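So the structure is just underneath, and the comments pick up after that.
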Amino acid sequence: MGLKRRSLSSPTLNDRKLLMKKNRFHKILALLACIVTGPYLGAQEPTAFFVYPEKPRIGDAFQVVFLLPNQTEAAGSFSDYQVELLSPKGKRILSSPFFIFDTYQNETETGTIAMALLTTGPAYEGATILIRILKGEQPLQEGSISLEPVQFVSMEIALDSTNTDLLTKPDPRKEAESRELWQVLTTPTPLLHSQEPWVEPVASKRRTAFFGDQRVYRYSNGKQSTSIHYGLDYGVPRGTPVRACARGRVALARYRLVTGNTVILEHAPGVYSLYYHMDTISVAVGEIVEQGALIGTSGSTGLSTGPHLHWEIRIQGESANPDSLITNPLLDKDAILSRISTYRAKARNSDR
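Residue 144 in the working numbering is what sits at position 144 of the sequence shown, and the numbering runs on without skipping anything.
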């Protein structure tokens, strides 16, 4: 006896249009997310995210762009979503909330572009890194990207007795200053002060130490330790004008035991530039300074073997290569919108 088939009514014209619109929307999302491959983990409708630049170097700054279809939120605020970077074995490297950047519109919906600025830091050794999107504690999507390897320089530094004591002896003030610094670097505001490519803080191009240098400190007592250099050092004379690399808010401006006269500027949510060992400081906490504005002069205060400026970038508490922000804008709005437009065009062509 044959199987009994249940009769189904034929779809209406409106049904077919609705199905075509839904398929086109899903194709747009799939194309937007094609750089970041991985499973959808949540119970809600999947949303698209991608990374720019597509294949960052280890230690470089990069953007995770997250689309929120059919949601309209005001710029200058944090969204309910966050992103985590994890090693292939699942060890969390850092996390960040998404901040609202702009809106987008296409044939099917108007939505919000949320962004997070991230880096792996110089110590990361993997060839890939995992990206996980969450809403609260609930994972929604997960993917991975490839990283360009970087060869860092090794160097040795001999320290006199004063600098040896400053680096190695326990000191309650030093520990308190370290906690204060970490508090500043991990308490972001949702305001975006700068989008343009950054500029170097001094006119000189003479660098005496580089981002990611593998350092060996040789102490005056014969012992030694290793560390990573988290910024760039400029070999400039005492009194050289130091200028803001980009527009930002002064988050810290004072003397610290290890870093000497120090200025920290916040440029975007979780993104800071740091200026160490300065001779003088010309700004105060809370000021908004423009790119190129004088913030002080270089010197040799704190733990220093001679006059220079140490310039460092921190993103969500992790150090990033300053050169990656000189080469590329902190946030390239035109490139992001172009990427979305390209994927939309691919989605339309795939329907034909």
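Backbone N, C-alpha and C define an ideal beta-carbon position, used for all residues, glycine too.
None of these values were measured; they are calculated from a predicted model.
- Boundaries of the beta strand (DSSP E) around W311: 309-315.
- Setting aside the 5 residues that flank it on each side, L166 is surrounded in the same chain by L303, each with a C-beta closer than 6 angstroms to its C-beta; the list follows chain order.
- In this structure, H229 is the residue among H229, T186, F99 with its C-alpha nearest to the C-alpha of E156.
- The continuous stretches of beta strand (DSSP E) do not include Q195, and DSSP gives it neither H nor E.
- In the structure shown, E318 adopts extended strand secondary structure according to DSSP, grouped into three states.
- With three or more CB-CB distances shorter than 8 angstroms, the stretch 261-279 counts as touching the stretch 240-247.
- Residue nearest to P139 within the set I131, N261, S146 is I131 (criterion: CA-CA distance).
- DSSP lists V263 as the beta-bridge partner residues of A253.
- Between A268 and D233 a beta carbon distance of about 24 angstroms is seen, past the 8 angstroms cut, so the two are scored as non-contacting.
- Taking each of P149, L85, K89 in turn and checking the Cα distance to S95, the smallest one comes out for L85.
- By the C-beta density criterion, T301 is buried, having at least 16 other C-beta atoms within 10 angstroms.
- With a 10 Å radius around the Cβ and a threshold of 16 neighbouring Cβ atoms, S225 comes out exposed.
- From the listed residues G121, N106, A284, the smallest Cα separation to F152 is found for G121.
- Secondary structure at A75: coil, using DSSP grouped into helix, strand and coil.
- Nearest to S324 by C-alpha distance, out of T103, E142, E196, L191, is E196.
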